[in-house]
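To start, the structure under review is shown below, and the notes come after it.
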Amino acid sequence: MTGPRKTRRATVHDVAAAAGVSRGTVNRVLNGGYVSADARTAIEAAIAEVGYVPNRAASMLARQRSQAVGFLALEPHSLLLEDPNIGAIMLGANSALSLADHQMVSLVIDSDRDMQRVGRYLSGGFVDGAIIVSARSHDPIIRLIGEIGLPTTFVGHPPDLARDMPYVGIDNAGSALAITRRLMATGRTRIGMIAAALDRDSGADRLTGFKQALGERFDPGLVADVPLYDYTYGVKGMRALLDREPAIDGVFAASDAVAAGALEALREAGRRVPEDVGLVGFDDSSWALRTQPPLSTVHQPAREVGRTAAELVLRQIAGAEPVELSVVLDSPVVWRHSA
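Under our numbering, residues 2 to 340 are what the sequence shown spells out, in order.
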């Protein structure tokens, strides 16, 4: 004689499948976080349908607040120390968190081992939320955040970012188009680009804007692809462009650091800026004013990006509704003397 058959207890996975949402979205509802009204309705209906009973002890533990928010920069160590934008984003985020009496915890990911370590930390309840900078397409951090349901704001918008994950950014494509057109208006006829970080939305979008500005004049042979927004790669990228087209007379560098490197390579080659070659950058960082001549560039409001990202995370932690899912800040052209 067999005993009574045991019924499997419904899980968060079952609720997510029934509601057609991610497990992280279900977790946000269970832990008091923000989701859209439609998602909340679907999840509540799915909970009733599958008979899910939350673990109250675990829920209470999850609701305990650490008063800390993680700041994750997914950059190589060398670039993290040199990139003024990341520092400005960090300071902007810290100012907003400080006003809300929250501590910022800096977490650096530069390897698979870092990713595993940070993943365990984020899943362990040590922070109430996270701000993530420089995530690439198909980055493991995107999947992790989706699974654990941690209140998070991304700086930038990787193409595979879930629709319910908030982000803050700028119009990289539109700004690249605007500064390239301004460069074209100076009469340059052979214009190239040092395109960096094409595995990120920012780098890919800046190349898109450059192509749109040139239209039929776009020459793929005048694009030097480099991996990072880095001075050294600016030098290498500019040397490559000069080898391909000695008559090049205009260059859009994907960042100010890259532009500063390009300026060095142009000087090595005996080319004057702006007399022989018009050069423009992107970011309006400290690099733009350290060069001679100062760079024409696009202003990226890095501190405001950081502050806004922190404010969105804090609103998610508080369960406030609504939380904007996308904030795009203005990034105007700043014209100086390099073009």
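Every residue gets a Cβ at the ideal spot worked out from N, C-alpha and C, and that includes glycine. Note that this is a predicted model, so its numbers are computed, not measured.
Would you mind working out which of Ile132, Met105, Leu145 sits nearest Arg121, comparing C-alpha positions?
Minimum Cα-Cα distance from Arg121 among the listed residues Ile132, Met105, Leu145 corresponds to Leu145.
Sorted by chain position, which residues of the same chain lie with C-beta nearer than 8 Å to Arg337's C-beta, five sequence neighbours on each side aside?
Closer than 8 Å at Cβ, skipping near neighbours: Ala289, Pro294, Pro295, Leu296, Ser297, Thr298.
Thinking just about the alpha-carbon of each residue, which of Ala20, Asn95, Glu246 is nearest to the one in Val106?
Per the Cα distances, Asn95.
Note down, in chain order, each residue of its chain lying with its Cβ closer than 8 Å to the Cβ of Ile249, except the 5 sequence neighbours on either side.
Arg191, Ile192, Gly193, Leu223, Leu242, Leu243, Val278, listed in sequence order.
Is it true that the CB of Ile48 sits closer than 8 Å to the CB of Val22?
Cβ distance not < 8 Å, so Val22 and Ile48 don't count as in contact.
If we count Cβ pairs, one from each stretch, closer than 8 Å, do we get three or more for the segment 203-220 versus the segment 181-190?
By the Cβ rule, the segment 203-220 counts as touching the segment 181-190, because three or more pairs are nearer than 8 Å.
Distance CB(Ile132)-CB(Val329) smaller than 8 Å:
Against a cut-off of 8 Å, the Cβ pair of Val329 and Ile132 comes out as no contact.
Return the Cβ separation of Asp202 and Pro167 in integer angstroms, given the expectation that the two are a contact with Cβ distance under 8 Å.
Not quite, the Cβ-Cβ distance comes to about 15 Å (not below 8 Å), so this is no contact.
Since Met166 is in the alpha helix (DSSP H), which residue starts that stretch and which ends it?
No alpha helix (DSSP H) contains Met166, which DSSP labels as neither H nor E.
First and last residue of the alpha helix (DSSP H) that includes Leu73?
Here Leu73 belongs to no alpha helix (DSSP H); instead the beta strand (DSSP E) covers 69-74.
Cross-strand partners of Ala254 (DSSP beta bridge)
Listed as beta-bridge partners of Ala254 by DSSP are Ile195.
I want to know whether the segment 265-282 touches the segment 229-243 - three or more CB-CB distances under 8 Å.
Taking one beta carbon from each stretch, the segment 265-282 and the segment 229-243 have 3 or more pairs nearer than 8 Å; the two touch.
Start and end of the beta strand (DSSP E) containing Ala225?
From DSSP, the beta strand (DSSP E) with Ala225 extends over 224-227.
Starting from Ser297 and walking both ways along the alpha helix (DSSP H), at which residues does that stretch end?
Per DSSP, Ser297 lies in no alpha helix (DSSP H) and is assigned neither H nor E.
Quick check on Arg273: buried or exposed, where buried means 16 or more other Cβ atoms within 10 Å of its Cβ?
So Arg273 counts as exposed.
Sequence-distant residues of its chain with Cβ nearer than 6 Å to Ala196 (five each side left out)
Closer than 6 Å at the Cβ level, and outside the excluded window around Ala196, lie Leu208, Val224, Asp226, Ala255.
Could you tell me which residues DSSP puts in a beta bridge with Met105?
Its beta-bridge partners are Val70.
Under a three-way DSSP split, which group does Gly115 fall into?
At residue 115 the sequence reads Asp, which differs from the Gly that was named. If DSSP states are grouped into helix, strand and coil, Asp115 belongs with the helices.
Those residues which DSSP pairs with Ser327 across a bridge
Ser327 is bridged to Tyr168.
Closest to Leu1 by CA distance: which of Asp257, Val156, Gly251 is it?
Given that the chain is displayed from residue 2 to residue 340, the structure contains no residue 1 and the question cannot be resolved.
Around the C-beta of Arg29, are 16 or more other C-beta atoms found within 10 angstroms, so that it is buried, or is it exposed?
The residue in question, Arg29, is buried, as its Cβ has 16 or more Cβ neighbours within 10 Å.
Bridge-paired residues (DSSP) for Ala131
Per DSSP, the beta-bridge partners of Ala131 are Gly71, Thr153.
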